[in-house]
Structures are given as structure tokens and as C-alpha cells.
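Q: Read top to bottom, the protein sequences are chains R, S, V and W. Quick note on our numbering: the first sequence kicks off at 1 and runs consecutively. Quick note on our numbering: the second sequence kicks off at 285 and runs consecutively. Quick note on our numbering: the third sequence kicks off at 569 and runs consecutively. Quick note on our numbering: the fourth sequence kicks off at 853 and runs consecutively. We put the CB at the ideal spot given by N, CA and C, even for glycine.
Number of protein chains: 4
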Amino acid sequence: MSRVFRLIISCPDQVGIVAKVAGFIAEQGGSIIEANHHTDSVNRWFFMRHEILAESLNNDLDGFKQGFEAIARDFEMQWQITDSARPKKIALFASRESHCLADLLYRWHDENLPGDIACVIANHPDLEQMAQWYEVPFHHVPVTPETKPEAFARAEALVAEYEVDVIVLARYMQILPPQMCADYAGRVINIHHSFLPSFVGAKPYHQAYERGVKLIGATCHYVTEELDAGPIIEQDVIRVSHSHTIDDMRRQGRDVEKTVLSRGLRYHLEDRVLIHGNKTVVFA
Amino acid sequence: MSRVFRLIISCPDQVGIVAKVAGFIAEQGGSIIEANHHTDSVNRWFFMRHEILAESLNNDLDGFKQGFEAIARDFEMQWQITDSARPKKIALFASRESHCLADLLYRWHDENLPGDIACVIANHPDLEQMAQWYEVPFHHVPVTPETKPEAFARAEALVAEYEVDVIVLARYMQILPPQMCADYAGRVINIHHSFLPSFVGAKPYHQAYERGVKLIGATCHYVTEELDAGPIIEQDVIRVSHSHTIDDMRRQGRDVEKTVLSRGLRYHLEDRVLIHGNKTVVFA
Amino acid sequence: MSRVFRLIISCPDQVGIVAKVAGFIAEQGGSIIEANHHTDSVNRWFFMRHEILAESLNNDLDGFKQGFEAIARDFEMQWQITDSARPKKIALFASRESHCLADLLYRWHDENLPGDIACVIANHPDLEQMAQWYEVPFHHVPVTPETKPEAFARAEALVAEYEVDVIVLARYMQILPPQMCADYAGRVINIHHSFLPSFVGAKPYHQAYERGVKLIGATCHYVTEELDAGPIIEQDVIRVSHSHTIDDMRRQGRDVEKTVLSRGLRYHLEDRVLIHGNKTVVFA
Amino acid sequence: MSRVFRLIISCPDQVGIVAKVAGFIAEQGGSIIEANHHTDSVNRWFFMRHEILAESLNNDLDGFKQGFEAIARDFEMQWQITDSARPKKIALFASRESHCLADLLYRWHDENLPGDIACVIANHPDLEQMAQWYEVPFHHVPVTPETKPEAFARAEALVAEYEVDVIVLARYMQILPPQMCADYAGRVINIHHSFLPSFVGAKPYHQAYERGVKLIGATCHYVTEELDAGPIIEQDVIRVSHSHTIDDMRRQGRDVEKTVLSRGLRYHLEDRVLIHGNKTVVFA
Chain R
1 MSRVFRLIIS
11 CPDQVGIVAK
21 VAGFIAEQGG
31 SIIEANHHTD
41 SVNRWFFMRH
51 EILAESLNND
61 LDGFKQGFEA
71 IARDFEMQWQ
81 ITDSARPKKI
91 ALFASRESHC
101 LADLLYRWHD
111 ENLPGDIACV
121 IANHPDLEQM
131 AQWYEVPFHH
141 VPVTPETKPE
151 AFARAEALVA
161 EYEVDVIVLA
171 RYMQILPPQM
181 CADYAGRVIN
191 IHHSFLPSFV
201 GAKPYHQAYE
211 RGVKLIGATC
221 HYVTEELDAG
231 PIIEQDVIRV
241 SHSHTIDDMR
251 RQGRDVEKTV
261 LSRGLRYHLE
271 DRVLIHGNKT
281 VVFA
Chain S
285 MSRVFRLIIS
295 CPDQVGIVAK
305 VAGFIAEQGG
315 SIIEANHHTD
325 SVNRWFFMRH
335 EILAESLNND
345 LDGFKQGFEA
355 IARDFEMQWQ
365 ITDSARPKKI
375 ALFASRESHC
385 LADLLYRWHD
395 ENLPGDIACV
405 IANHPDLEQM
415 AQWYEVPFHH
425 VPVTPETKPE
435 AFARAEALVA
445 EYEVDVIVLA
455 RYMQILPPQM
465 CADYAGRVIN
475 IHHSFLPSFV
485 GAKPYHQAYE
495 RGVKLIGATC
505 HYVTEELDAG
515 PIIEQDVIRV
525 SHSHTIDDMR
535 RQGRDVEKTV
545 LSRGLRYHLE
555 DRVLIHGNKT
565 VVFA
Chain V
569 MSRVFRLIIS
579 CPDQVGIVAK
589 VAGFIAEQGG
599 SIIEANHHTD
609 SVNRWFFMRH
619 EILAESLNND
629 LDGFKQGFEA
639 IARDFEMQWQ
649 ITDSARPKKI
659 ALFASRESHC
669 LADLLYRWHD
679 ENLPGDIACV
689 IANHPDLEQM
699 AQWYEVPFHH
709 VPVTPETKPE
719 AFARAEALVA
729 EYEVDVIVLA
739 RYMQILPPQM
749 CADYAGRVIN
759 IHHSFLPSFV
769 GAKPYHQAYE
779 RGVKLIGATC
789 HYVTEELDAG
799 PIIEQDVIRV
809 SHSHTIDDMR
819 RQGRDVEKTV
829 LSRGLRYHLE
839 DRVLIHGNKT
849 VVFA
Chain W
853 MSRVFRLIIS
863 CPDQVGIVAK
873 VAGFIAEQGG
883 SIIEANHHTD
893 SVNRWFFMRH
903 EILAESLNND
913 LDGFKQGFEA
923 IARDFEMQWQ
933 ITDSARPKKI
943 ALFASRESHC
953 LADLLYRWHD
963 ENLPGDIACV
973 IANHPDLEQM
983 AQWYEVPFHH
993 VPVTPETKPE
1003 AFARAEALVA
1013 EYEVDVIVLA
1023 RYMQILPPQM
1033 CADYAGRVIN
1043 IHHSFLPSFV
1053 GAKPYHQAYE
1063 RGVKLIGATC
1073 HYVTEELDAG
1083 PIIEQDVIRV
1093 SHSHTIDDMR
1103 RQGRDVEKTV
1113 LSRGLRYHLE
1123 DRVLIHGNKT
1133 VVFA
């Protein structure tokens, strides 16, 4: 993979944004590998993502940033430029169920995850050996109703220590404190084992079984204070039938959970997800 | 297609049901084309469907029924046997949107719907010409808040007159009166334009757009008094993205609506759907 | 739908194309509704599509074209700009099977096909009434081994007379003469009832049944002289099982055939398909 | 999971098979958990699978077998009865690519594979550590053109030593000798990284890229002497576009390969696959 810079922009829509940005990139000698635009015509908002070949620029990243600052100001842009040579650092929060954790660790080991897994933080010790095989630091931080504040303080301290960019709740089964949701807005990704907004909260497979749905699903979303209500990144479903017990759903659901989580996380790691209000633009 | 009898059974589970039923069919010389069983081990209930080649029986249908009665009593069966040579009669209830109506009429015309469309009943006159081309009687029965009781009395009279077996709400957009839901329990099929239980009620595509889901769906279900809460027969979804407006969703959703409705209706027409509580067993 | 111009470009890849094109559009006051780029890094070729809001331009289409000519020359572009207010004219070639024809006619009638169906040309008279209901001229042009040259001369004359932009072989079942394939390169779309390159040629469902595949499919592609080997626009599949007879496959396959054809045709009508060698770039 | 016996039968079709078999099971007190039948009306052949609750039988397995022998003879059945308490033993044949191996080992570790992985046999040493973590014996059996006969003799010796029931080629990349294909007919499962019969042989993703297909797939099949031509157990596909390089296809394809292999293997391990000629009946 060649080193690329990813320029991510959102701003009020107006004529000339693309021309201005593309013109600036061209001045810098930038070779565009991939480009995506989206105009939200309801909210009159504009979204844009470019992948630029790093070696093509006749300037370094700081130079690029400085030059771009003026354009950004003119168009009132929210923007960032990231460097594929500095992959995002990930903390995996886990509990006892291993399928999502195992899947992400394996993808990373297989050099098939565009980020770095910095540590695993789990409220149970069960998955320590798995993390160890992949040579990822494992921290057992138990959570009880009484110790919840201390536990999350400890978790946040670890996240800070490892300079984590994104927290992934890989079937973590604990609800983050509101303050933590706020502090890490747009940087905590959860996998919920239903096709949201159906079956919010606990035991979604039980709920699905009771309702007699013919498809079950999984949803990867950013965590916000309201449970299972944050911006959705990715979803998928699989077919079930009357012959599926709750256990069958749980077993089959694991496959769709890990697929959806790994896909959603990949989008985030490659800066393909732009949050706007409670929705996402995903340049997949 | 050969003529077949379809024997549909549900009863409390116990050892020996299959043997008894299969033994009886064999005694009658019955050649089994297709057989399906399901044991609901939670509720200890048993479901069964056989397709028997009509010409293989050494008895007529009445003889078969009489003989079977004793077995049915012993096992406390709910049962019926239907004849593929007497396809179910369908009333299509429609409004202004044509996609589901057009799809079902075409499939019927193409000899690809195992039932007979007896009439179209619509609360707007728009689709009359379409029904006429297919030579299906069209009845315009307007519904206003004031005339609702008379309108549904008229609709029910038509249903009785045409000796209709199943009512299909092909995007009918009107809520049936509770009494009618009760009278036709298990015989009114609706298509709802969302992946239920998400987005019950009005304007599901608007709701889906607001929530920012990445898949939209449709649900074919039996109508009960509680809106969009009846037993689900079939569901499916298609992918959408941030670039889809509500209109795009509505347009693309039509394809999944008509697919799901035609599939669910086919199951019903072939007696593949067994209702138990608020859920279905579908021997697809 | 607002009126838009669609600017389609392909050319050798180099730095600065996007900037130049976007700069020109901005100079013209053009508001970009949708933009797509693709760089084929193997062949070093660049592809681009813009939708520009017609009313935003401070120039008419001819003015735009003249101004753009210089850029196009500099970058050795193959390019065109089309106007959504002048939808492409379609000739549907049909035979006896009605499902693809019925589907396209209905979508057009439902104002859900971004083109105009100018005529139906069929080698059998069976579908005349269907075309008539939609008020589309129907021409019965029989084809026999002996009359093939005359028949296709007649068909081509009709295509010319109706000023047809694109020919759709809606299960036409006849092989076009090589000269016609060459003359209408990139303007004849076929639906083949298999997942190409599997099961080229006659009776693909028989072939699929014999091989025991677990999915059957359909392929929408441009017609070239070599049978079923032209550039693929769209494909899809559905699941089958051991219980499906060839007739079941044929029946179920119809749904995927018409879906794939209508999707592929839509892409073509909206100028989303760029042919390069024997492959397509589809800005879906 | 309760212990079950699985009774698998195929025989020439005739009236009375189901009655006879179900009658016998009922005499033995057998509680049927799941039952599937299929009549191949083209070849007039009948297929049947029952899952019987072990504890419900008033006889042991040997008693059951003895009693059933007479029925089997009368109907010229090929049959077997297997015991879920004696899961099949699996040898995984691997090479350098880890994704299928890792997936199957993890599913087994997660108690989500209804079989026992007895050993890994690989022609490269790369995956030894992975096998070790799961505490599965790993045998490095290099294969070169010169040593091929000795290498496969060694592999067969290991298979015999571990009393292996089924060999899984988990991206093994070597062609088994014809004699071995014959000796283990119906007991060697391969995953091919294309939607067969498209792209037989080497480098299917290259072939898919060249042809410009819009979906790529994977096929799980029994190995026969003719390369990639054995009976198909399971297939699936995922969508690709013009923007996918061969490397992208290879990366994304891994997900469908491992899904299809694990599904197909599960069917085999649960005795859900009946081979007939070059096709399978899969009671999924």
C-alpha cells in the first residue's frame, strides 16, 4: 500500500468548493487516488474526502496544512488531514464473549486492519490468553455497580496512557458513563446485536425470537449517551426461520456481528465516516 | 403442474405423529411430493405439511378426510387438506400506488401466482384501467372518515360475493376496522414498507431517513387489530446510503415491497404458512 | 427532479484533471449535485462523472461545450455532456417471454425509468397487446434462418426511424448480426440468464441444474460480436437448492433477470456506465 | 445440545417409504427432532434425514440398526445412522494463507463446530504457532514436484493414524493425487475461491478481475479427480466494483471463502449432505 494523506472536509454547501480544493491539491502536485463528495440538499451541507498520494506532494504535511488553512476558513470548513503512515490506535473493550475480539485481533495479525490494536481492556479475565497470543497488552478492569466510577476512571487512564484514538466495544456489555460518551464523542464504536432501531437494549435475540422476525441483524454505531441511539455506521442482516431457537440466532448472529463491526471499524480507521447530526456519511 | 392435495397439521407434540400420518397416507396409496415438519420445543407444539400427488390416492378427497378424522381427533390436531385444483380466491385492496398491484396482476397473468385474483377493491379510481387490462373486476369504494363503516360494509359484501379466500392489502393505506380484522383473522395479508418492528405506522421511509439506517426493508404480515403487529410471513431488505433521499428510498423500496409481498402471498396460497400465537411457521 | 447536465470524461491519468474540470465548472457557476472519479492504476486511465444543476450555469449547454473543448483537447479526453431533459430513446427487442418487457414498460409508465420507450420490436406477435396498453408502438419483425438479413435490416430501419439511442434485448433470444453489434457498440444491452461467465449460450438454467450450483444469477451486459462475452454492467444472484427443478429455476430466475436488467439499464440511461476495453466503470 | 442420532437414507423412490421409516422410529419410541425428505422426480430417487432424540429410544444404537436392516434391504436403501456424541474427526490441510484455518480453529475453540479437529497438515511451516495455540497437533509435510508421492503417502498415514473422518482443504493449494481422491470420495472438502463453474483452476481473482464481473464468490465442494468439478455443497458471493483491485478482491474474498467453507463443513459434519451423482442434496 502506498502512503496516502486523507483530507476530510464538511462545510455549508456553496458553488466552487470542489474547484477550490481540487485546485489547491493540484498546486501542491497532489495525485488524487480516490475522491468522494456528497451534498446533503436537505440541510445544504457538503462533505468531501480525498486520498492523495503522499509522495506526489511537493510539500510536507505541515506545509499542506498551513496552505489549506485559508481555504478552510473561507468556506467555514470542519476538516482534518490524516496520514496512512500513522494508523489510528485502538483499544478493544471486551467482556466474556470472544467472537468479535477474536475476529479483530486476527484481522490485525493478518495485516488486514488499517489500524493498530494498542490494548484490550476487559471486565472479565477470560480472554487474556487470546490477547496474549497476539501479543496485545490485556488489562482486566472489573466493573461492579459499586466500583463503576473507579473502573471507568481506570479504563480512561489506560486509554490515555496508550494514546488511543478509537475505543471499540467488542461485545463489552457495559454501559459507558455519560461523561465518557461526551468526552469521546465520535470515537467510541459499538456493535449492537440487532438491526437497530429494532430491539434496543438487552437481549435483542430474545426480542427477535418473540416477535418472529425472518431476518436478524447487527448494527455498528457510534456511542452516545442515549443507549443504542447513536449515529449508525454499518448494518447487515441474515435470514432466520421458525426452526431457529434463540441459541441458533445467537450462534448465527455472531457471524453478522463480527462482519458488521469489522466493516464499520475499517470505515472509521480509513476516515471514511463523517458524522453530521445523528447520522453518518460513509464514503465506502 | 400435477394436481396435489396439501395436508396441513398442527397439534401438541408427542411421539408417533409422523408415523401415524405417514402410515395413513401410505394406506391410501398417497405418493408424497414434499414433506415438512417442525417441532417447537419451547411450546411443545408440532407442525406438519405434506403435498400428496392427487392421482396416487386410491380414494377421493372426501374419503381421505373421513378416514383421517379419527387420527386428527386422537392427536387433537388442527388440520385441513386443500386441493391445488381449487386455487384460493384473492381480493386485492389498493389505493393509488400501483407497484404492488401491477406486480401481482402481472404474475397472475403470467401464470406464476398459485391463486385466482377475483377482484380489485380500491378507495381511489386511479388503477381501474390497469385492472381492466387484466380483465379483473374493479370496484371503487371510496373511504372517508364519515363513510368508513359503510365503505367497509360494502367491501365486505364484495368479498363475500366473490367468495374470496384471502384479502391482500396491496399498499391500501387504510386501517381495517377491528371487527373485520377479527372476522378475517389469518386471511388478510398486508405489506408494510419497513423492516418491522422498526418504523411502525405512517411514513416509514421518513422515519428510516431520520434514523440514518443503512438498510431499508419491507414486511409481509397477517393483519391483526394492533397496527403492524401481526404475525410476520416474510421480510427482506436492501442497502441504502447517505446519498439516498426519502424519494430514492421510496423508489427503491418499491422493489423490495413487491418482492416480499409476492413471496409471502405465494407461501399463503400454497398453504405453507401456519400461524401459532403471534408467529408463523413457514415451510418455504 | 431538477434538470441536470451529466459530464462524462475518460482520459489518460495525470495530476490536475480534477482541478481543471472543477475549476471550469465553478467558473460557469455550476452547482455540482453528484461527482464520481475513478483512477484505474493498472492502465493509468482516469474516469469522471459530474451531475451539474442546469439552472445554476451562467451559460447554455452549447456555451459550456465550446468552453470545455480546450480542456478536453489538452487532456486527450473522451467526453460527452448529456441533458436530463432529453432522455435517451429506447427500443425494446422482445420475443415471447414477457417478464422483462412487462417490467420495463411498467417502470416507464410509473415514471420510474429515466428514458423513453420508443417502440417494441418483436420476432413473435404475442406481446403486442401488452405494448398497446402502454401505448407503445409494436412492430412484429419475424426472424427465420432464411430471412435473417432482411429482418435485421428492417429492425435497423425502425431503430433509425425512431431515433433510438439504446437497444435493449429483453429476452430477445436472437443473435444480432456482427455488423449490427459493431455499428451499435456500447448501445445494445442484453440480459443473460446466468451469472456470466458461467453458462454461456443456450439453456443456462439447464446447465445450472446439471452442475448443481447453489445460486443462480443474471447478467446485464453490452452486446459484442462474441456471444455473452461483452462488458458486464450488472449482475445478481438468488439462492436455489436441490429441491428446485429447472422450471423452478426458470420461474425464480425471472425475478433476478428483470431486477438486474432494470438496474443495468438505469445506469446506462443516466450515463453512469463508462466502457473501457471489455470492462465497465459503473458510477452507481 | 441433546444427544441425537441422525438417520440418513437414499433409495429408489416408491410409495410407503416414509410410513415404513416413521413407523419403525415410532415403534422404537423415537422422538423426531428434525425431519427432511426430498424426491428427485427426474431420477426417481428419494432422500431422507431424521434427527432422533437419543434418550427417547427404548433400544440402543445397535438394536436400532439391527431392526432397521430389514427395511433398508426391502427398499434398497443406502443408509447410515450417526451419533452426535461421536463427532467426526477432521484433518485440516493448509498451506500459507491463514484465514480459513484460523476461522475453523476459532469456531472449534468457541464450541461452535460440530466436529473435532484432530490435526493440521501443512506443506509450509508458517501456521504452526496458530495450531499450537489451539493445542492442535501440527504436521509439516512439504510437497515438491519430486517428493509428491512420498508427501501424500505421509499425509495419508497421518490421516489414518488420527482416524480422520473428513479432510478439509483450507486453502491448501495442492492438487491431491487421483488415487487419494478416489479413496476418500465424499470425504474431502475443498474451498475454491470463485463462484464455480466460473474461474476453475489457478488465480480465480485474476480471472474475475479480467472479466470484469460485479460479484465474486466462493464454492465449497467435494474433491474429485477432475479439478474444481466435484459436487457443490455451498456457494456465496459478495459485490465488487470497478474500484476493486485484484488485491482488494483477494482481501474481501477471504471473508466469503471462510463463511462458505465453515457453512459447508457444518452441513457435512451434521450429515446434512447426501451426494447423488455429481450433485448434492443439502438438508440445511
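In the DSSP output, what is arginine 333(S) paired with across the bridge?
A: Ile292(S) and Asn320(S)
Q: Would you identify the three-state DSSP class for tyrosine 777(V), choosing helix, strand or coil?
A: helix
Q: Using the Cβ count rule (16 or more neighbours within 10 Å means buried), how would you classify histidine 992(W)?
A: Under a 10 Å Cβ-count criterion, histidine 992(W) is classified as exposed, with fewer than 16 other Cβ atoms of the shown protein chains found around its own Cβ.
Q: Inspect the CB distances between the segment 735-749 of chain V and the segment 782-795 of chain V and report whether three or more fall short of 8 Å.
A: yes
Q: If we cut at 7 Å on Cβ distances, does lysine 65(R) have a partner in chain A?
A: The structure shown has no chain A; the protein chains it does contain are R, S, V and W.
Q: Which residues in chain R have a C-beta closer than 9 Å to the C-beta of arginine 1039(W)? List them in chain order.
A: Chain R residues near arginine 1039(W): none, gap ~25 Å exceeds 9 Å.
Q: Taking the Cβ atom as the reference point for each residue, do histidine 760(V) and aspartate 804(V) lie within a distance shorter than 7 Å?
A: no
Q: Does the Cβ-Cβ distance between valine 120(R) and valine 136(R) come in under 7 Å?
A: Yes, Cβ-Cβ distance for valine 120(R) and valine 136(R) is below 7 Å.
Q: Quick one: is lysine 498(S) buried, meaning 16 or more other Cβ sit within 10 Å of its Cβ, or exposed?
A: buried
Q: Apart from the five residues just before and just after arginine 1091(W), which ones in its own chain have a Cβ nearer than 7 Å to its Cβ?
A: In its chain, beyond the 5 residues on either side, Lys1066 and Leu1067 have a beta carbon closer than 7 Å to the beta carbon of arginine 1091(W).
Q: Report the rounded CA-to-CA distance for glycine 23(R) versus glutamate 257(R), giving the unit in angstroms.
A: 42 Å
Q: Rounding to the nearest angstrom, what Cα-Cα distance links serine 947(W) and methionine 533(S) in this structure?
A: 46 Å
Q: When DSSP labels each residue in this structure, what does alanine 1022(W) get in the three-state scheme?
A: coil
Q: Which residues mark the beginning and the end of the beta strand (DSSP E) in which glutamate 802(V) is found?
A: Boundaries of the beta strand (DSSP E) harbouring glutamate 802(V): 800-807, taken from the DSSP string.
Q: Please confirm if histidine 1094(W) has its CB atom under 7 Å from at least one CB of chain V.
A: Histidine 1094(W) counts as touching chain V.
Q: Using the rule of at least 16 other Cβ atoms within 10 Å of the residue's Cβ for burial, across every protein chain shown, is asparagine 910(W) buried or exposed?
A: Exposed is the call here.
Q: Would you mind listing the beta strand (DSSP E) stretches within the segment 91-129 of chain R that are 3+ residues and don't spill past its ends, in chain order?
A: Taken in chain order, the complete beta strand (DSSP E) segments of 3 residues or longer contained in the segment 91-129 of chain R are 115-122.
Q: When the Cα atoms are used, what is the spatial distance from alanine 354(S) to phenylalanine 348(S)?
A: 11 Å
Q: For aspartate 816(V), which of helix, strand or coil comes out of DSSP?
A: In the structure shown, aspartate 816(V) sits in a helix (DSSP, three-state: H, G or I).
Q: Buried or exposed: where does asparagine 407(S) fall if 16 or more other Cβ atoms within 10 Å of its Cβ makes it buried?
A: The residue is buried, with at least 16 neighbouring Cβ atoms inside 10 Å.
Q: Can you tell me whether serine 262(R) is buried or exposed, with buried defined as 16 or more other CB within 10 angstroms of its CB?
A: buried
Q: Using the three-state DSSP reduction, which class does glutamine 132(R) fall into: helix, strand or coil?
A: helix
Q: Consult DSSP for alanine 441(S) and reduce its assignment to one of helix, strand or coil.
A: helix
Q: Assuming arginine 1023(W) contacts cysteine 952(W) (C-beta within less than 8 Å), just tell me the rounded distance between them.
A: 5 Å
Q: By the three-class DSSP mapping on this structure, what secondary structure does isoleucine 71(R) have?
A: Isoleucine 71(R) falls in the helix class under three-state DSSP.
Q: From leucine 965(W) to proline 765(V), what distance separates their C-alpha atoms?
A: 34 Å
Q: Can isoleucine 860(W) and isoleucine 884(W) be called in contact, C-beta distance under 7 Å?
A: no
Q: If you follow the beta strand (DSSP E) that phenylalanine 990(W) is in, where does it begin and where does it stop?
A: Residue range 990-992 is occupied by the beta strand (DSSP E) that includes phenylalanine 990(W).
Q: At which residues does the beta strand (DSSP E) containing alanine 586(S) begin and terminate?
A: With chain S covering 285 to 568 only, the question about residue 586(S) has no answer from this structure.
Q: Could you compute how far the alpha carbon of alanine 303(S) sits from the alpha carbon of aspartate 255(R)?
A: 38 Å
Q: Please classify leucine 1126(W): does DSSP put it in a helix, a strand, or coil?
A: In the structure shown, leucine 1126(W) adopts extended strand secondary structure according to DSSP, grouped into three states.
Q: Verify the CB distance criterion: does lysine 716(V) have a CB-CB separation below 7 Å to chain W?
A: no
Q: Per DSSP, which residues does threonine 848(V) bridge with? Please list them.
A: Ile843(V)
Q: Helix, strand or coil for threonine 650(V)? Go by DSSP, reduced to three states.
A: strand
Q: Can a CB atom of chain R be found closer than 7 Å to the CB of histidine 789(V)?
A: no
Q: Compare the C-beta of isoleucine 656(S) against all C-beta atoms of chain W and say whether one is closer than 7 Å.
A: Here chain S has residues from 285 to 568 only, and residue 656(S) is not among them.
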